[in-house]
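Novice: Here you go, one structure.
Protein chains: 2
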Amino acid sequence: MAATVTIKDVAREVGVHPSTVSRALDPARRERLGEPVVQRVLEAAERLGYRPDVAAASLRSGRSKLIGIVVPDIANPVFSPIISGLERALSARGYALIVADQRPDRTGGNDLVQMLIARRVDGLVLANVALKDDAVERCLKAQIPVVLVNRSEGESRVPSVVSDDMAGMMLAVEYLIASGHRNIVHVAGPQSLSTGMLRRRGFVAAMRAAGLDPDVDDIEESAAFTREAGLPAARNLLARRPDATAVVAANDLLALGVYEALREQGRRCPEDVSVIGHNDMPLVDLVNPPLSTVRISHREMGERTGALLLDLITGTHQGALQIVTSPVLVARASTRPLEG
Amino acid sequence: MAATVTIKDVAREVGVHPSTVSRALDPARRERLGEPVVQRVLEAAERLGYRPDVAAASLRSGRSKLIGIVVPDIANPVFSPIISGLERALSARGYALIVADQRPDRTGGNDLVQMLIARRVDGLVLANVALKDDAVERCLKAQIPVVLVNRSEGESRVPSVVSDDMAGMMLAVEYLIASGHRNIVHVAGPQSLSTGMLRRRGFVAAMRAAGLDPDVDDIEESAAFTREAGLPAARNLLARRPDATAVVAANDLLALGVYEALREQGRRCPEDVSVIGHNDMPLVDLVNPPLSTVRISHREMGERTGALLLDLITGTHQGALQIVTSPVLVARASTRPLEG
DNA sequence: CACTTGTGCGCAATCGATTGCATAAACCGT
DNA sequence: ACGGTTTATGCAATCGATTGCGCACAAGTG
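Here the protein sequences come in this chain order: A and B. Just so you know, we're using numbering that gives the first Met the number 0 here: the first sequence kicks off at 0 and counts up by one. Just so you know, we're using numbering that gives the first Met the number 0 here: the second sequence kicks off at 0 and counts up by one.
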């Protein structure tokens with residue numbers, strides 16, 4: 000078997016003490032050592048094929064070079080690019096990523112954060128916080144660096160990386176208004192999530208700014224950010240407001256639910272009703288009709304989350320703790336100007 | 000600060016030796032202990048909020064309860080459900096998952112497997128092997144349990160969980176033939192991957208079985224399993240075989256590339272040309288026209304991969320080492336019978 | 001030339017849990 | 001009642017790397 004080569008073997012090979020090898024291998028503390036020794040250690044380590052034992056290092060130093068991320072669903076097209084971007088940022092700096100999936104059916108969901116902490120992760124990313132979430136409390140209490148991504152908390156107690164959800168929704172509404180629409184309604188996301196609440200606020204703000212004061216009838220809250228939840232929500236909304244000429248959905252999946260509801264009623268998109276989504280997830284440019292939406296770069300959010308978290312861990316962070324990225328409107332064929 | 004409570008604290012609390020606590024906490028070796036002691040230990044551990052230090056346990060025991068997975072792209076709709084299913088199977092048994100993304104731009108891709116091994120993972124899942132891949136060699140040499148998923152190796156040296164790619168493609172072709180099509184062509188995937196090669200073989204086999212002997216002109220190999228690669232491949236193929244009435248693509252993204260090529264040429268799907276894909280990824284039921292395809296349950300593959308790997312690790316495995324799942328045909332609107 | 005200052009490295013304790021072996025107590029049969 | 005088992009638990013070494021402390025030896029100072 001490949002007898003695992005330890006720091007001791009390298010030390011014996013070079014003729015120095017293990018502690019010297021340890022120092023020589025760490026770029027930070029290498030400075031205090033003599034140049035020739037460092038070279039010999041490096042050469043020997045390379046030659047013997049030395050790989051540090053992360054477990055041992057972690058045990059002694061308390062640092063694991065591991066980051067944990069908790070997501071509601073790995074396969075969700077919103078979260079998978081976030082994970083991807085995060086992994087990229089982390090691996091570039093020698094960190095690895097543990098992914099934990101917070102499905103509702105999971106026994107004691109709160110255990111997830113505990114589990115990751117028990118694994119001694121150096122930092123944590125939460126992609127699933129609600130506006131009021133005790134997972135954040137637990138991280139705070141555990142003194143562990145944590146960054147929220149995609150969704151933020153009610154009170155901003157911890158750093159976060161999010162899209163400007165209000166602004167994104169305002170872009171969508173303003174675009175419709177500029178196209179002549181006045182009877183605009185909103186399929187909102189769950190109001191327990193920042194994305195649901197802020198997008199709804201953006202809707203209301205943009206409508207008011209145009210002198211259109213939306214009332215409760217103009218908004219229907221969906222049970223989840225899914226196609227399945229979008230359909231009944233859209234049905235209700237369209238029944239209440241048959242005169243609506245445009246529907247703004249809180250995300251793309253909900254917008255696809257709206258498509259289905261319209262189809263059920265025999266109304267056409269965009270001829271009868273314009274629809275606009277949020278996220279610009281893959282393939283929505285190919286659905287029928289191609290969906291107008293608000294584009295968010297989830298991958299970029301993941302990358303910036305990683306950079307922020309690592310800076311926090313190493314204590315080198317400077318700059319804002321609340322990072323907000325700017326979404327852009329992508330107009331496709333599901334929206335059209337209202338004819339006079 | 001939350002002074003981390005160790006096994007020693009629990010031992011002191013109960014009035015026993017640390018080793019006793021260690022045994023009491025392990026369901027396997029608990030049997031050999033007295034009932035009352037076990038109870039008191041469990042109670043004390045619970046009360047003090049004891050969390051085992053995985054790093055310490057890993058160092059001593061050599062087991063990390065970590066599994067690594069290497070994927071070509073986390074955000075790919077084929078691989079993200081695999082990761083999701085895998086994570087579910089693993090977490091149910093106390094294992095956590097480290098995800099590593101094997102992007103082409105990565106410096107020294109082979110380091111990924113090494114990196115995971117250096118982190119002392121108990122097992123490895125490779126979702127990105129080519130037919131001839133030295134990553135497998137390295138795992139074999141490192142004596143580490145490994146399972147391939149989605150793609151298999153040329154020589155079956157290691158366990159794998161894959162869809163029956165040949166059979167899936169034959170389903171597609173047979174369906175078209177039964178609908179009256181004869182001039183059927185194939186946009187193949189990269190032949191360096193098992194999915195690309197086996198699906199191509201399935202195409203050839205099904206055609207031959209129907210007495211139609213396809214030649215090289217009927218097949219165009221794409222550079223990658225992407226929409227972008229599908230477009231030029233489809234262009235070439237349709238130029239060579241303008242009389243083709245049906246195109247079978249090696250996966251859904253390639254099929255979407257075929258859509259674009261048809262649109263460029265002003266030909267309609269399915270009126271002029273039927274198209275069929277492979278994978279049944281999310282949203283292909285909503286594109287225009289809804290794509291007929293061969294459905295693979297990637298999530299289930301992920302779950303079975305996890306179960307297999309854990310059985311391998313614990314040495315309790317019995318049964319086949321090559322698991323093959325059966326795909327099903329999903330007929331939608333992109334295919335239609337050929338009118339006599 | 002003695003004496004302080006500094007540099008480079010060795011020493012040994014330590015992180016927390018696991019495990020082979022030792023041992024004391026309980027139990028058994030005759 | 002006693003030797004021989006069996007059973008339950010204690011003991012201490014161990015995994016591999018990190019790190020505070022301290023010791024040489026060299027360089028610098030009066």
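Heads up, the beta-carbon is just placed ideally off N, CA and C, and yes, glycines get one too.
For Asp72 (chain B) and chain A, any beta-carbon pair shorter than 8 Å?
Specialist: Yes, Asp72 (chain B) lies at the interface with chain A (some Cβ there is under 8 Å from its Cβ).
Novice: Which residues in the same chain have their Cβ closer than 6 Å to the Cβ of Ile275 (chain B), if we skip the five residues on either side of it in sequence?
Specialist: Ala171, Val247, Ser291 and Thr334, listed in sequence order.
Novice: For a contact defined as C-beta to C-beta under 7 Å, what are the partners of Leu96 (chain B) on chain A?
Specialist: Correct list: Ile97 and Val98.
Novice: Given a cut-off of 8 Å on the beta-carbon distance, is the pair Ile312 (chain A) and Gly67 (chain A) in contact?
Specialist: No.
Novice: Using a Cβ cut-off of 9 Å, pull out every chain A residue sitting near Ala117 (chain B), in sequence order please.
Specialist: The contacting residues are Arg50, Pro51, Asp52 and Val53.
Novice: Does the beta-carbon distance from Gly201 (chain B) to Ala245 (chain B) come in below 8 Å?
Specialist: Against a cut-off of 8 Å, the Cβ pair of Ala245 (chain B) and Gly201 (chain B) comes out as no contact.
Novice: So Asn278 (chain B) contacts chain A; which residues on that side make the cut at Cβ distance below 9 Å?
Specialist: Per Cβ cutoff of 9 Å: no residues; Asn278 (chain B) is ~12 Å from chain A at best.
Novice: Applying the criterion that 16 or more other CB atoms from any shown protein chain within 10 Å of the CB defines a buried residue, is Leu85 (chain B) buried or exposed?
Specialist: By the neighbour-count rule (16 or more Cβ atoms within 10 Å), Leu85 (chain B) is buried.
Novice: Check whether the Cβ of Val286 (chain B) lies closer than 8 Å to any Cβ atom in chain A.
Specialist: Val286 (chain B) counts as touching chain A.
Novice: Using a Cβ-Cβ distance under 8 Å, would Gly107 (chain B) count as near chain A?
Specialist: At Gly107 (chain B) the pLDDT is 49, less than 50, meaning the model places this residue with poor confidence and gives no usable figure here.
Novice: Taking 7 Å as the cut-off, is the CB of Gly61 (chain B) close to at least one heavy atom of the ligand ZN?
Specialist: The ligand ZN is absent from the structure shown, which contains no ligands of any kind.
Novice: Using a Cβ-Cβ cut-off of 6 Å (strictly less than) and excluding sequence neighbours within five positions of Pro189 (chain A), which residues of its own chain qualify?
Specialist: These residues qualify, in order along the chain: Gly195.
Novice: Using the Cα positions of Gly108 (chain A) and Gln142 (chain A), report the straight-line distance between them to the nearest angstrom.
Specialist: At Gly108 (chain A), the pLDDT of 48 sits below 50, so the modelled position is not reliable; the number obtained from the coordinates is stated separately. If I take the Cα positions, the gap works out to 20 Å.
Novice: In terms of residue numbering, what span does the beta strand (DSSP E) encompassing Ala55 (chain B) cover?
Specialist: Here Ala55 (chain B) belongs to no beta strand (DSSP E); instead the alpha helix (DSSP H) covers Val53 to Ser60.
Novice: Judging by CA-CA distance, which residue of B:Ala204, B:Ala54, B:Leu255 and B:Ala74 is the nearest neighbour of Leu65 (chain A)?
Specialist: If we check each option's Cα against that of Leu65 (chain A), B:Ala54 comes out closest.
Novice: Applying the criterion that 16 or more other CB atoms from any shown protein chain within 10 Å of the CB defines a buried residue, is Thr304 (chain A) buried or exposed?
Specialist: Buried, since its Cβ has 16 or more Cβ neighbours within 10 Å.
Novice: In this structure, how does DSSP classify Thr292 (chain B) when only helix, strand and coil are distinguished?
Specialist: The answer is strand: DSSP assigns Thr292 (chain B) an E or B state.
Novice: Reducing DSSP to helix, strand and coil, say where Thr313 (chain A) ends up.
Specialist: Here Thr313 (chain A) sits in helix by DSSP.
Novice: If you follow the beta strand (DSSP E) that Ser381 (chain A) is in, where does it begin and where does it stop?
Specialist: No statement about residue 381 (chain A) is possible, as the shown extent of chain A runs from 0 to 339 and does not include it.
Novice: Anything in chain A within Cβ reach of Glu86 (chain B), meaning under 9 Å, just list it in chain order.
Specialist: Those are Ile73, Val98, Ala99 and Asp100, listed as they occur along chain A.
Novice: By Cβ distance, which residues of its chain are closer than 8 Å to Glu227 (chain A), with the 5 residues on each side in sequence left out?
Specialist: For Glu227 (chain A), where only same-chain residues beyond five positions count, the Cβ hits under 8 Å are Gly256.
Novice: For Ala223 (chain B), list the residues DSSP reports as bridge partners.
Specialist: None, per the DSSP bridge assignment.
Novice: Pick out whichever of A:Met280, A:Leu236, A:Leu147 and A:Pro289 has its Cα sitting closest to the Cα of Arg193 (chain A).
Specialist: The sequence shown places Ser at residue 193 (chain A), rather than the Arg named in the question. Minimum Cα distance to Ser193 (chain A) is reached at A:Leu147.
Novice: Taking Cβ-Cβ distances shorter than 8 Å, what residues in chain B pair up with Ile82 (chain A)?
Specialist: Under the 8 Å cutoff, chain B gives Ile73, Ala74 and Val98.
Novice: Within 8 Å (strictly less), CB to CB, does Ser296 (chain A) reach chain B?
Specialist: So no, Ser296 (chain A) is outside the interface.
Novice: Note down, in chain order, all residues in the region 217 to 237 of chain B with a beta-carbon under 7 Å from any beta-carbon belonging to chain A.
Specialist: Cβ contacts with chain A come from no residue of the region 217 to 237 of chain B.
Novice: Out of B:Arg28, B:Leu41, B:Leu125 and B:Ala117, which one is the CA nearest neighbour of Val70 (chain B)?
Specialist: It is B:Leu125.
Novice: Please list the terminal residues of the continuous alpha helix (DSSP H) segment that includes Ile116 (chain A).
Specialist: Unbroken alpha helix (DSSP H) run through Ile116 (chain A): Asp110 to Ala117.
Novice: In angstroms, rounded to a whole number, what distance separates the CA positions of Pro51 (chain B) and Ser63 (chain A)?
Specialist: Cα-Cα distance, rounded: 15 Å.
Novice: Leu282 (chain B) touches chain A at which residues, Cβ-Cβ below 7 Å?
Specialist: Those within 7 Å of Leu282 (chain B) in chain A are Leu282 and Val286.
Novice: On the three-state DSSP scale, how would you describe Asn235 (chain B)?
Specialist: Asn235 (chain B): helix per DSSP, three-state reduction.
Novice: May I ask you to list the residues that DSSP assigns as paired with Asp216 (chain B)?
Specialist: The partner list for Asp216 (chain B) (beta bridge, DSSP) is empty, contrary to what the question assumes.
Novice: For Leu130 (chain B), which option in B:Ala208, B:Ile116, B:Gln317 and B:Ser159 has the closest C-alpha, if you only look at C-alpha atoms?
Specialist: Ranking B:Ala208, B:Ile116, B:Gln317 and B:Ser159 by Cα distance to Leu130 (chain B) puts B:Ser159 first.
Novice: Output, in chain order, the set of chain B residues within a Cβ distance shorter than 9 Å of Ser90 (chain A).
Specialist: Within 9 Å Cβ-Cβ: Ala99, Asp100, Arg105, Leu111 and Met114.
Novice: At what residues does the beta strand (DSSP E) containing Gly67 (chain A) begin and finish?
Specialist: Per DSSP, Gly67 (chain A) belongs to the beta strand (DSSP E) from Leu65 to Val70.
Novice: Strictly under 8 Å for the Cβ-Cβ distance: is Leu340 (chain A) near chain B by that measure?
Specialist: Residue numbering for chain A in the displayed model covers 0 to 339; residue 340 (chain A) lies beyond these limits and cannot be assessed.
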